[in-house]
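From first to last, the protein sequence lines are chains A and B.
Okay, so the first sequence: first residue is 1 according to full-length UniProt numbering, each after it adds one.
Okay, so the second sequence: first residue is 1 according to full-length UniProt numbering, each after it adds one.
2 protein chains.
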Amino acid sequence: MNRNVTIKDIARAADVSISTVSRTLNGSSTVAPDKQQRVLEAAARLGYEPNAAAQGLVRGRSMTIGVLTQDIASPFYNEVARGIDVGFVDTGYQPIFVNGHWELQDESAAISALTRRQVDGLIILGGRLKDDQLHALAARFPLALVGRRVAGLERRSLKVDNIHGAWLATTHLIQMGHRRIAHITGMASHRDALDRLEGYRLALADAGVPFDPHLIYEGDFHEPSGSQAVDHWLGQGTAFSAIFSANDQMAYGARLGLYRKGIRVPEDVSLVGFDDLPASQFALPPLTSVHQPLFEMGQQAASLILQQLKDADTSAELPLLPLTLRVRESVRYARSPAL
Amino acid sequence: MNRNVTIKDIARAADVSISTVSRTLNGSSTVAPDKQQRVLEAAARLGYEPNAAAQGLVRGRSMTIGVLTQDIASPFYNEVARGIDVGFVDTGYQPIFVNGHWELQDESAAISALTRRQVDGLIILGGRLKDDQLHALAARFPLALVGRRVAGLERRSLKVDNIHGAWLATTHLIQMGHRRIAHITGMASHRDALDRLEGYRLALADAGVPFDPHLIYEGDFHEPSGSQAVDHWLGQGTAFSAIFSANDQMAYGARLGLYRKGIRVPEDVSLVGFDDLPASQFALPPLTSVHQPLFEMGQQAASLILQQLKDADTSAELPLLPLTLRVRESVRYARSPAL
DNA sequence: TTGTACGCGTTATCAT
DNA sequence: ATGATAACGCGTACAA
């Protein structure tokens, strides 16, 4: 509540001018050693902390990077956030996180909160912002897009090969002898969901396994829809010996749905997820899943921003982050007839 | 990259003085309707966004609340963060999240990043900050402590009755016929861990069940230590028919450890957790757990800050948030001899 | 090397 | 009702 200590206070205490204080504090020019001492001492004694708002105002840079996250409660985004955080450590920049999605009717409001704060860069995790809005933002700030592809902003988007990832998962099941492989997709409106479905179909085609539309159930990336998928197939009498879920959360739901019917994983049905959330390691059974390098994506988003901050031309291609299958215990060799 | 639109620009465009612009924009005084029109129109056309740094500088308030989270990757803190977020919606204040814990060697650095930003309030989730540091902060800002108790700052701390929660969990197991109830604790340095152990002992005492130190294993609140606990007990030949884990994450670990030995939950061993993470609903089997009102705690932290922001005297007692047992499927009646 | 003075964008006080 | 103008805390060009 007490007024904060300012440069002026230090100047008075050390009996020098405010410019001398400013200079010693950020070493912009040479200052006599003795005065330097006095200033530093006074600053420490008074507990001086620079006023970021004032600094930002005069410098035109705030040294903060805005991160728009969609759902701070989702384990998926958290890993990315961690990566971002370490990506900026010791760079002088500080990421601040705000949440878009649910409370603010509009993500634009969240973005606006960030831009008003004069952030020096913007990282956007997923989200529903229109492409042209993103283009507008890209024109104003260093920008990094995670988990999202926008035409014309390829250089600003971290991408993983979802098609390949899904192909990996499905092929693994096929190699384990499965032919009746059910697939829970994400929302049809979601690009990643579409890509993963595509990868699934590709793997089937490559192996000469016929595609059966009855084996497809559209989920929404949340747990309950995984259970619903299982209920649906069982209710329809659709036979399957394995399930490939477009994300881990739905895989958890499916696993629970199977459990309720007394169907065991992997003894009766094999299960593969996508994302490889930290929790999947400790799931029952530990879930085989396509590993997304979430942490690394965060780090890369940070360095993408840093790069743009340095030189305007970001001509360098982004390295494509590897998507790998983490084989654990939720898949077994298929037994003769499908369930 | 282009210079941002300022009030000055609007003034020029609308052909009025900058004070008139400022006044219409935040309605501090009456302005002629026609000029008002012109200003608003110009502002919208130019895409004006107020510069928060400048506003903060002159007003002395930044309208932002700093939230120090310990581990953004932990599902526990995320729920709280969500609550905080909605707690500030439509209040004009905006929470910004920074992470303490791992990367910045010192949480103080994170705090400093926040105070430099002239936050109007501080919410601290857990953390290792010394009590006197917290007292110092409390003297400067509206402060809210979550998941932490500090002598002298009772009015600033959200508290849940951990002892009672643990009592609830243990008593439930006793009522289900269990007598050999193992307990995985958190770090002995952690107050919550101690309280939960205390509640466990109390429940035992109340029911006349003897306390056996062999049934206690000190974990660290993370999954692997749960597995280690069961390995330990099994290795020692310690008999038990139920496990009460001081948090859900260790319960997941324990469940996995049991699974590896072919021991089923709840058929062979019953299991109760603490926290009731969202994932516990979809665990296998769905985990009986002590529900922490994490979301509500976040909301309450927000309103605690808001309250301090309004009137200096925060004499009102904080309502004690209820801790309840969510009974699901991980507990069964004990069969005759303990495992 | 050091100090004075100006400006960053905004609000608020004072005349008008 | 409206327009100058002085702050807010800081960095820096300029002068000394």
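Every residue gets a Cβ at the ideal spot worked out from N, C-alpha and C, and that includes glycine.
Where the alpha helix (DSSP H) through residue i begins and ends
i, result
"B:R196", "R191 to A207"
"A:P224", "E223 to Q236"
"A:S108", "E107 to R116"
"A:R326", "Where A:R326 is concerned, there is no enclosing alpha helix (DSSP H), although the beta strand (DSSP E) it sits in stretches over T324 to R326."
"B:L143", "From DSSP, B:L143 is part of no alpha helix (DSSP H) but of the beta strand (DSSP E) over L143 to V146."
"B:T20", "I18 to N26"
"B:L173", "N162 to Q175"
"B:P33", "P33 to L46"
"A:H178", "Note, A:H178: premise wrong, no alpha helix (DSSP H); not H, not E."
"B:Q55", "A52 to R59"
"B:Q133", "D131 to R140"
With 16 other Cβ atoms within 10 Å as the buried cut-off, status of residue i
i, result
"B:T30", "exposed"
"A:G186", "buried"
"B:L320", "exposed"
"B:Q175", "exposed"
"A:T64", "buried"
"B:N142", "Residue identity differs from the one stated: residue 142 of chain B is Pro in this sequence, not Asn. By the neighbour-count rule (16 or more Cβ atoms within 10 Å), B:P142 is buried."
"B:R82", "buried"
"B:T324", "exposed"
"A:A43", "buried"
"B:V58", "exposed"
"A:R140", "exposed"
"A:D195", "buried"
"A:A32", "exposed"
"A:Q236", "exposed"
"A:A188", "exposed"
"B:D85", "buried"
"B:T20", "buried"
"B:Q292", "buried"
"B:Q37", "exposed"
Other residues of its chain near residue i: CB distance less than 6 angstroms, five sequence neighbours each side excluded
i, result
"B:L104", "Bear in mind that the predicted position of B:L104 carries a pLDDT of just 47, short of 50, making it unreliable; the figure below should be weighed with that in mind. Result list for B:L104: A110, in chain order."
"B:A242", "L173, H178, I181 and S270"
"A:G56", "S62 and Q118"
"B:L294", "E79 and V80"
"B:A283", "none"
"B:R332", "P266 and S270"
"A:T288", "V272, V327, R328, S330 and V331"
"A:G121", "I65, F141, P142 and I305"
For residue i, the residue or residues it bridges with in DSSP
i, result
"A:A13", "A:A13 pairs with nothing; no bridge assigned."
"B:H183", "B:I216 and B:F244"
"A:P95", "A:I65"
"B:V290", "B:F274 and B:L325"
"B:G121", "B:I65"
"B:S157", "B:L145"
Neighbourhood of residue i by C-beta distance below 8 angstroms, restricted to the same chain and skipping five residues each side
i, result
"B:Q286", "What sits at residue 286 of chain B in the sequence shown is Pro, not Gln. S280, R328, E329 and S330, listed in sequence order."
"A:E41", "A14"
"A:D192", "G147, N162, G186 and A246"
"A:A334", "M176, G177, H178, R179, S241, A242 and S270"
"A:K35", "A14, V16, T20 and T24"
Beta-carbon proximity list for residue i, same chain, < 7 angstroms, skipping 5 on both sides
i, result
"A:Y200", "A166, T170, H183 and F244"
"B:I18", "I7, K8 and A11"
"A:V150", "D131, L134 and S157"
"A:D231", "G257"
"B:R128", "E107"
Residue span of the beta strand (DSSP E) that contains residue i, given as start and end
i, result
"A:F274", "S270 to D275"
Taking contact to mean at least 3 C-beta pairs separated by less than 8 angstroms, is the region 216-223 of chain B in contact with the region 231-249 of chain B? yes
Using a Cβ distance threshold of 8 angstroms, determine whether the region 291-299 of chain A contacts the region 250-268 of chain A, with at least three qualifying pairs required. Counting C-beta pairs closer than 8 angstroms gives fewer than three between the region 291-299 of chain A and the region 250-268 of chain A, which falls short of the contact rule.
Please confirm if the region 169-180 of chain A is in contact with the region 149-159 of chain A, defined as three or more CB-CB distances below 8 angstroms between the two stretches. no
Any contact between the region 78-93 of chain A and the region 40-60 of chain A? By contact I mean 3 or more CB pairs, one from each, below 8 angstroms. Taking 8 angstroms as the limit for Cβ pairs, the verdict is that the region 40-60 of chain A does not touch the region 78-93 of chain A.
Answer yes if the region 225-238 of chain A comes into contact with the region 252-262 of chain A, meaning at least three C-beta pairs across the two stretches below 8 angstroms, and no otherwise. yes
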